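Position 83 of the sequence shown, counting from 1, maps to 83 under the UniProt record's numbering, and the rest follow consecutively.
Glycine is no exception: its CB is placed at the ideal position from the N, C-alpha and C atoms.
Given the structure is predicted, the values throughout are model-derived calculations rather than measurements.
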Amino acid sequence: MENKIMINESVYWIGKVDDRDVPFHRLTLTKGTTYNSYLLMTEKPTIIDTVDISFGREFVENLKSLIDLDKIQYIVINHTEPDHSGGLGAIAARAKNAVIVCTEPAVDELKEMYKLHKREFLVVKDGDTLDIGGKTLKFIETPYLHTEETMVTYCEEDKILFPCDIFSTHVANYEYFNDLAKGNITEDFTAYYTLIMHPHRKYVQNMIEKIKDLDIDMIAPSHGFIIRKDVEKFIEIYNKMSKNTDKGKKAVIVYSTMGGNTRKVASMLQEGFENSDINVEIMNVNKISKEEILEGIKGADAVLFGSSTRYGDMIGNLEEILNELQNMNLEEKLAAAFGSYGWSGEAIEVVQDYLNKTNMKVLNTSEIIKSTGMTDVEFPLRVRFSPKDEDIKNIEKAVTFTVELLLNAG
Ligand code: FEO
């Protein structure tokens, strides 16, 4: 049986090798993948992540041959996507004493996804530890790698990092460990990074900073090969590939503000671009000449237009600028609308309508969902009154997404 693989003297691999053509984020994984789950056989037996939802029942059946399910004390869910949490419904129903361990943003998702409203959860935060009877787990939050609720788990005694999606490869294989792989896995490892992690590279750097002082002998991810040889080399691949690769791109932010809140949003966007080493110019349409603004737009790779709303429309001279754009060749440039509003924020939608009449690539949420599967990037960017915590997150995500498009445009 494929699920009796031991990765050290007390940790079992209890996953599933999926050697089909696997549909994944509108792509097909022609090499298949694996869903790696782990059982830490301690005094308080603990499972780390599960398998794809298609294999939940099989997962539980296999696990029964290793352990009395009533003895399982914890189920750690590093990431809620159903290729890893998919077995949770099945195992939680049988392992009735197990407490589910996850981050705060994961709780409601898991409760809804697997009807676990009455189940006991242990919510962990960055740096928290958990004694599982002979071993200590440390939890490190890694938000947006690649979804908000993600964390990684580190076993201090075994020096194993369980990073779920991070440091994975999409290759169905029965060798399990990178040193036993039939070929060099670096190409598959970097291809996975590029596909899944690179759009979130700012957060990859945060993660690298958080794990840099851990003593890691083995990385046990949730797809593909377990890395027990050249661990540092594979971490360094992520480090290098996620470092800024400024290609001299430029963003221009053009705005008109009534009470100052749209200016605040514009300034936050500016700061985000600056932090990403993108050249950025910010222009208040009421203080800079139309000619100067149009010159700025011509030289930009991305242009963001913001307006407050008054009487259901834009304010200031912004409309005059937007009218000019329809007669200009702005192909290849990215464009987006944003603004702060108090009631319904019509101006933001009007700006978007104007942009849609140009030949720029106008960012909008619907297209982003359809083309990338990302549901947490909001365009046009709407902020009610002064930006609050949730708005600030949205602004950061909008900048990160735009920067990635700019850098990947070559
Ligand atoms: Fe492998 Fe984000 O799931």
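What are the start and end residues of the beta strand (DSSP E) that includes residue i?
{"i": "S54", "result": "Note, S54: premise wrong, no beta strand (DSSP E); not H, not E."}
{"i": "F338", "result": "334–341"}
{"i": "K16", "result": "16–18"}
{"i": "F189", "result": "F189 -> not in any beta strand (DSSP E); alpha helix (DSSP H) instead, spanning 186–192."}
{"i": "L381", "result": "381–384"}
{"i": "V11", "result": "11–13"}
For residue i, which beta-bridge partners are listed by DSSP?
{"i": "I48", "result": "Y38, V76"}
{"i": "T136", "result": "D131"}
{"i": "M151", "result": "E141"}
{"i": "A251", "result": "V280, A302"}
{"i": "C102", "result": "V123"}
{"i": "I160", "result": "C155, M218"}
{"i": "F24", "result": "L27"}
{"i": "G257", "result": "The amino acid at residue 257 is misidentified as Gly; the sequence shows Thr. Bridge partners of T257: none, in fact."}
{"i": "S307", "result": "S256"}
The alpha helix (DSSP H) spanning residue i covers which residue range?
{"i": "E175", "result": "Premise fails: E175 is in no alpha helix (DSSP H) and is neither H nor E."}
{"i": "G89", "result": "88–94"}
{"i": "G272", "result": "261–275"}
{"i": "V399", "result": "389–408"}
{"i": "residue 416", "result": "Examination of residue 416 is not possible in this model, given that the chain is present from 1 through 410 alone."}
{"i": "L330", "result": "Run containing L330: none; DSSP gives neither H nor E here."}
{"i": "I237", "result": "231–242"}
{"i": "P82", "result": "82–85"}
{"i": "V350", "result": "346–356"}
{"i": "L325", "result": "318–325"}
Have a look at the options and flag the residue whose alpha-carbon is nearest the alpha-carbon of residue i.
{"i": "S340", "options": "E331, K370, T309", "result": "T309"}
{"i": "E404", "options": "N173, K243, I91", "result": "K243"}
{"i": "V265", "options": "R384, D108, I278", "result": "R384"}
{"i": "L318", "options": "M283, G342, I395", "result": "M283"}
{"i": "K111", "options": "K135, D126, V124, S85", "result": "S85"}
{"i": "G134", "options": "E396, L363, E332, V11", "result": "V11"}
{"i": "V350", "options": "I72, G306, K370, K361", "result": "G306"}
{"i": "M332", "options": "D165, V152, N359, I278", "result": "What sits at residue 332 in the sequence shown is Glu, not Met. Here the closest residue by C-alpha is N359."}
{"i": "T30", "options": "D188, C164, I160", "result": "D188"}
{"i": "A106", "options": "T372, N97, V124", "result": "V124"}
{"i": "D52", "options": "P380, F24, C155", "result": "F24"}
{"i": "F121", "options": "N239, D108, V101", "result": "V101"}
{"i": "N8", "options": "T80, Y38, I368", "result": "Y38"}
{"i": "I91", "options": "D108, E58, D83", "result": "E58"}
For residue i, does the count of other Cβ atoms within 10 angstroms reach 16, so buried, or fall short, so exposed?
{"i": "A409", "result": "exposed"}
{"i": "L322", "result": "buried"}
{"i": "T129", "result": "exposed"}
{"i": "K118", "result": "exposed"}
{"i": "Y174", "result": "exposed"}
{"i": "L180", "result": "exposed"}
{"i": "D217", "result": "exposed"}
{"i": "K397", "result": "buried"}
{"i": "M314", "result": "buried"}
{"i": "K4", "result": "exposed"}
{"i": "R201", "result": "buried"}
{"i": "L27", "result": "exposed"}
Three or more C-beta pairs below 8 Å linking the region 204–221 and the region 233–244: yes
Taking contact to mean at least 3 C-beta pairs separated by less than 8 Å, is the region 289–305 in contact with the region 318–333? yes
If you pair each beta-carbon of the region 165–172 with each one of the region 221–230, do three or more pairs fall below 8 Å? yes
Contact the region 37–48 vs the region 63–76: 3+ CB pairs below 8 Å: yes
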